[in-house]
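Participant:
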Amino acid sequence: MASASGERGAPGTTWRNWAGDQSCAPFERLRPRNRDELTAAVAAAAAAGRKVGVAGSGHSFTEAALTAGTMLDVGALSGVIDADRSSCLVKIGAGTVLAELNEELSRLGLAMENLGDIDCQTLAGAISTGTHGTGAKLGNISSQIAGMELVLGDGSIRELNEDGDLLRAARVGIGALGAIASVTLRCVPAFTLHRVDTRRPRDEVLASFQESADANEHFELFTFPYADSALVLERNRTDRSPQPRGKVAAYLNDVVLENWALGALSAAGKAFPRANPALSRFAAAVASGSVATDRSDRIFANERRVRFTEMEYGVPREHGPEAAQRVIDWVRANRYPVFFPIEMRVTAGDDALLSPSHERDTAYIAVHQYRGMEWRPYFEAVESIMNEYGGRPHWGKRHFQSAATLPALYPRWADFLAARDELDPSRVFANEYAERVLGP
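Numbering-wise, our numbering comes out as the position in the sequence shown, counting from 1, plus 4.
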């Protein structure tokens, strides 16, 4: 076995997530340069009695990656390892950032069938937490997985394929089953999307939510709680040629409008909490419609520079509009100081054991709070509403569920725990978060 080498960070240095609100001081931080170094690092840590955590881009809002033991950065395990254009199966290093993966797939004439609106996550981190895009007939990113190489707590490699529950467990494994070395994805031929954004009355949008979700390949909406409108995003495939925006236009829209202006308004809301209703109405009023046609991943993803924390719940799709309206009603009734909009998306059901969309078509409702502002009462109220619909939390976003409350939400919870017992019996990949949500 190779020695546990690779780039080594200073011991005891603090690691923080993207939002800056989760941190830990690992005993050591390692960046293995290849699969052999990854297996050696895991084996050495386990032999020394240390727990192991794997950190991606840090875009999770939970404590899933935190560890006082050995923290692994698999960013060097990056890029396309193998690709079969005829079957569209592509084997990819687990540390590949989605934005970089999209470029490599484009050069191969391929694409991912669906993506979220942020592409700075690593592939392993995105699938492990159940990250998703939107599309009534499309599953989350993990549903595109055909196989996986998982490094177990003893440093051995377990190849998982589609014919068993172990892959269905590992597809959304929240970092508790092992360290992902590579993932084989079912991709699709490259395609172009036509995106239309329009501002509409929110009551009308929620009333027609189900019909709009079915009528568009990718449908989502944003709505400020104190406004009465919603920004509706509709994306559909087109035979038109991509029409990429110029650099100046892209900068003005993505950086100046969607980030600088959002950041300025958020900061104003933080400094003057009573101004949030007026700021929300102003932001909703100036949210203009737009049209774009481009390569699929460029239409899916947006740049995010404004830092925030987030909670997202998946509820049975038929209950989505009612649950969202109740969140809005709560914010208004309590005059809660929140500026960020509520986001709604949809996905098809899938069979990953801990997927929030497990065996049911799902409406996702996401709430956000600007960094440094009080969020807990808001998120607790949202979770209380979602609990009434059997809501399941997004594993990469804040929630207050535990091993006492979660089993009732997942029909195959016991099967996931059995997979954990088989893949990580010594709990090498355990931390406080895993113990809270899965049990010791």
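Built from N, CA and C at the ideal position, the CB exists for glycine as well. Just so we're clear, the structure is a prediction, and the values are computed from it rather than from any experiment.
Could you name the residues of the same chain whose beta carbon sits closer than 6 angstroms to that of Val432, not counting the 5 residues immediately before and after it, in chain order?
Facilitator: The residues are Ala50, Val56, Gly157.
Participant: Excluding the 5 residues flanking Leu283 on each side, which residues of the same chain have their C-beta closer than 7 angstroms to its C-beta?
Facilitator: Taken in chain order, the residues that qualify are Leu269, Ala272, Gly273, Phe343.
Participant: Tell me, please, which residues DSSP counts as bridged to Ala59.
Facilitator: Note: Ala59 sits in a beta bridge opposite Asp77.
Participant: With a Cβ-Cβ cutoff of 8 angstroms, do Ala2 and Gly324 count as a contact?
Facilitator: Past the boundaries of the shown model lies residue 2; the chain is included only from 5 to 444, so the question cannot be answered.
Participant: Excluding five sequence neighbours on each side, which residues of the same chain lie with their C-beta closer than 6 angstroms to the C-beta of Ile145?
Facilitator: Closer than 6 angstroms at the Cβ level, and outside the excluded window around Ile145, lie Ala130, Ile131, Thr135.
Participant: Apart from the five residues on each side of it in sequence, which residues of its chain come closer than 7 angstroms, Cβ to Cβ, to Ala303?
Facilitator: Note that residue 303 is Ile in the sequence shown, not Ala. Contacts found: Leu197, Arg199, Arg239, Ala296.
Participant: DSSP on Ile178, reduced to helix/strand/coil?
Facilitator: Ile178: coil per DSSP, three-state reduction.
Participant: How many Å lie between His222 and Tyr374 at the Cα?
Facilitator: If I take the Cα positions, the gap works out to 27 angstroms.
Participant: Please determine, among Val94, Phe276, Ala174, Gly443, the residue with the shortest C-alpha to C-alpha distance to Leu357.
Facilitator: Checked all of Val94, Phe276, Ala174, Gly443; the closest Cα to Leu357 is Ala174.
Participant: For my contact list, Ser64 and Asn21 are in at a C-beta cut-off of 8 angstroms; report their separation, rounded to the angstrom.
Facilitator: The pair is a contact, with the Cβ atoms about 6 angstroms apart (cut-off 8 angstroms).
Participant: Would you identify the three-state DSSP class for Ile389, choosing helix, strand or coil?
Facilitator: Helix, per DSSP.
Participant: Can you tell me the Cα-Cα spacing of Ala59 and Ala128, whole angstroms?
Facilitator: Taking the straight line joining both Cα atoms gives about 9 angstroms.
Participant: Just the Cα atoms here: how many angstroms apart are Thr188 and Gln148?
Facilitator: Roughly 9 angstroms separates the two Cα atoms.
Participant: Mind the definition here: the region 311–326 touches the region 23–31 only if three or more C-beta pairs lie below 8 angstroms; say whether that holds.
Facilitator: The answer is yes - the region 23–31 touches the region 311–326, with three or more Cβ pairs under 8 angstroms.
Participant: Tell me, which residues are paired with Asp158 by DSSP?
Facilitator: Partner(s): none; Asp158 has no beta bridge.
Participant: Closest by CA to Ala140, which one among Arg37, Gly62, Thr351?
Facilitator: It is Thr351.
Participant: Is it right to say Val441 is buried, meaning 16 or more other beta carbons lie within 10 angstroms of its own, or is it exposed?
Facilitator: With 16 or more Cβ atoms within 10 Å of its Cβ, Val441 is classed as buried.
Participant: Could you tell me the distance, in whole angstroms, from the CA atom of Gln125 to the CA atom of Ala370?
Facilitator: Each residue's alpha carbon lies about 18 angstroms from the other.
Participant: Give the list of continuous alpha helix (DSSP H) stretches no shorter than 4 residues that lie fully inside the region 263–345.
Facilitator: Listed in chain order, the complete alpha helix (DSSP H) runs (minimum 4 residues) inside the region 263–345 are 266–275, 280–290, 300–304, 324–337.
Participant: Can you list, in chain order, the residues of its chain whose CB lies under 6 angstroms from that of Glu215, leaving out five sequence neighbours each side?
Facilitator: If we look at Glu215 and ignore the five residues flanking it on each side, it has no Cβ neighbours.
Participant: From the DSSP output, in three-state form, read off Thr43 for me.
Facilitator: DSSP places Thr43 in helix when its eight states are reduced to three.
Participant: Roughly how many angstroms separate the alpha carbons of Leu34 and Leu119, rounded to a whole number?
Facilitator: Their Cα atoms are separated by approximately 29 angstroms.
Participant: Classify Val260 as buried or exposed, calling it buried when 16 or more other Cβ atoms lie within 10 Å of its own Cβ.
Facilitator: Here the model assigns Val260 a pLDDT of 48, short of 50, so the residue's position is not dependable and the matter cannot be decided.
Participant: Please go through the same chain and pick out, in chain order, the residues whose beta-carbon is closer than 6 angstroms to the beta-carbon of Ile332, but skip the five residues on each side of it.
Facilitator: Taken in chain order, the residues that qualify are Pro229.
Participant: What's the gap between the Cα of Leu171 and the Cα of Pro277?
Facilitator: Cα to Cα, Leu171 sits roughly 46 angstroms from Pro277.
Participant: To which residues of the same chain is Tyr340 closer than 6 angstroms at the C-beta, ignoring the five residues directly before and after it?
Facilitator: Contacts found: Tyr382.
Participant: Tell me the start and end of each unbroken alpha helix (DSSP H) in the region 92–168 that is at least 4 residues and wholly inside, in chain order.
Facilitator: DSSP runs (the alpha helix (DSSP H)) wholly in the region 92–168: 102–111, 127–132.
Participant: Answer yes or no: does any C-beta atom of chain D fall closer than 8 angstroms to that of Asp121?
Facilitator: Of the chains in the structure shown, none is chain D; there is only one protein chain.
Participant: Would the beta-carbon of His372 fall within 8 angstroms of that of Thr133?
Facilitator: No. Outside cutoff.
Participant: Using the rule of at least 16 other Cβ atoms within 10 Å of the residue's Cβ for burial, across every protein chain shown, is Ala183 buried or exposed?
Facilitator: With 16 or more Cβ atoms within 10 Å of its Cβ, Ala183 is classed as buried.
Participant: Identify, in the order they occur along the chain, each residue of the same chain with its Cβ nearer than 6 angstroms to the Cβ of Ala87, setting aside the five sequence neighbours on each side.
Facilitator: Counting only Cβ-Cβ distances below 6 angstroms, and skipping sequence neighbours, we find Val94, Leu112.
Participant: By DSSP's criteria, His222 is part of a beta bridge. Which residues make up the other side?
Facilitator: His222 is bridged to Arg239.
Participant: Out of Gly394, Asp354, Phe286, state which residue places its alpha-carbon closest to the alpha-carbon of Glu322.
Facilitator: Residue Gly394 is the option with its Cα nearest to Glu322.
Participant: List the endpoints of the continuous beta strand (DSSP E) containing Glu32.
Facilitator: It spans 32–35 - the beta strand (DSSP E) in which Glu32 sits, taken as one unbroken run.
Participant: State the beta-bridge partners of Leu197 as determined by DSSP.
Facilitator: Leu197 pairs with Arg241, Asp298.
Participant: State the Cα-Cα distance for the pair Glu436 and Asn220, rounded to the nearest angstrom.
Facilitator: Near 41 angstroms, if we compare the C-alpha coordinates of Asn220 and Glu436.
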